[in-house]
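Mapping of the sequence shown onto this note's numbering: residues 7 to 245, in sequence order.
What follows is a short report on a single structure.
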Amino acid sequence: MTNEDFMNALKQAGMTLTDAQLAQFEQYYELLVTTNASVNLTAITEKSEVYLKHFYDSLTVAFYEKSLQDGEHSLIDIGTGAGFPAIPLKIAFPNLKITLVDALQKRVKFLQTVVDELKLSDVTIVHGRAEDIGQNPTFREQFDYATARAVARTSVLAEYTLPFVNIGGEFLVMKGAAAQQELADGQKALQTLGGKLRDEYAFELPNGDSRFIQIVDKVTKTPKKYPRQAGIPSKKPIA
């Protein structure tokens, strides 16, 4: 996917980026590949692949949850890694207030560099594990949206994300071909943690890769016992 392909594909979805925003994506790419030489951020470094599988893919959630595009909503991205999907969303929709959570200090340092170099405002970066931070009143049930991309299966992700979402907010599930099976396996976890599936959208990336966006509404408060201690959700998913 060339820069022009990226721009045109977004236009087809009703999203138009300014020259300044396109320049931010270009700068983000350069920082990503430069840092990746010494810090393991991504296995995808070919420019066309980064634009397709990181930048464009990150923005697809806003094709289906259009309220991301308007207003000053808050979004927390769990296990953000190199910043996907939150930083592409922040570049495209500057009014979003985003919080980036990652457990690895080297990635946190990279994210801070990106935020500084791209001059992004209303971005908070938190070093730590979702299980610990989710019990912190500063963050617990404080966000309109939670995302987590390529982190864990849905039954585990629910425990990482839903404790952060306020009542009336949404957990935005971004998955590949295994999405529906993961959702079926994760129903007990979603229900236990206060979530309820509202919508599911199936689509393909321009290269034909299968993708699903599942929108889970936060309908009741998450019981205080969740998230459990670090490591337990992945070892013993709610089932």
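Every residue gets a Cβ at the ideal spot worked out from N, C-alpha and C, and that includes glycine.
Mind checking whether LEU81 and LEU58 have CB atoms under 9 Å apart? no
Quick check on THR160: buried or exposed, where buried means 16 or more other Cβ atoms within 10 Å of its Cβ? buried
With C-beta atoms as the reference, is GLY175 less than 9 Å away from PHE149? yes
Measure the C-alpha to C-alpha separation of GLN187 and LEU38 and round it to an integer number of angstroms. 32 Å
Whose C-beta lies closer than 6 Å to the C-beta of THR130 among residues of the same chain, with five residues either side of it excluded? In the same chain as THR130, and ignoring 5 residues on each side of it, the C-beta atoms closer than 6 Å to its own belong to THR105, in chain order.
Hey, would you say ARG113 sits closer than 9 Å to LEU47, going by beta carbons? The criterion of a C-beta distance shorter than 9 Å is satisfied by ARG113 and LEU47.
Hey, how far is the Cα of PHE248 from the Cα of GLN197? Since the first residue of the chain shown is 7 and the last is 245, residue 248 is not available in this structure.
Beta-carbon proximity list for LYS194, same chain, < 8 Å, skipping 5 on both sides: SER161, ILE244, ALA245
From ALA331 to LEU199, what distance separates their C-alpha atoms? This structure leaves residue 331 out entirely; the chain is present only between 7 and 245.
Nearest neighbour of GLN118, chosen from PRO100, ALA98, ASN101, ILE93 [CA to CA]: The shortest C-alpha separation from GLN118 is found at ILE93.
Taking C-alpha atoms, which residue in LEU102, PRO169, TYR151, VAL120 lies nearest to ARG135? Among LEU102, PRO169, TYR151, VAL120, the Cα nearest to that of ARG135 belongs to PRO169.
Extract the residue ranges of the beta strand (DSSP E) inside the stretch 163–237, only unbroken runs of 3 or more that lie entirely within it. 171–181, 201–210, 216–224
Sorted by chain position, which residues of the same chain lie with C-beta nearer than 7 Å to THR41's C-beta, five sequence neighbours on each side aside? LEU47, PHE116
Output the boundary residues of the alpha helix (DSSP H) element that contains TYR70. 67–70
Alpha carbons only, please: which of LEU74, TYR166, LYS181 is nearest the one belonging to ASP63? LYS181
What is the residue span of the beta strand (DSSP E) that ILE50 lies within? Looking at the DSSP string, ILE50 is not in any beta strand (DSSP E), and its letter there is neither H nor E.
For ALA15, which residues in the same chain have their Cβ closer than 8 Å to its Cβ, ignoring the five residues on either side in sequence? Within the same chain, ALA15 has close Cβ partners MET7, TYR62, PRO212.
DSSP three-state assignment for HIS133, whether helix, strand or coil: In the structure shown, HIS133 falls within a strand segment according to DSSP collapsed to helix, strand and coil.
Excluding the five sequence neighbours on either side, which residues of its own chain have a C-beta within less than 8 Å of the C-beta of VAL56, listed in chain order? TYR35, LEU38, VAL39, THR48, ILE50
Whether GLY85 touches ASN101 by CB criterion (9 Å): Their beta carbons are not under 9 Å apart, which means GLY85 does not touch ASN101 by this criterion.
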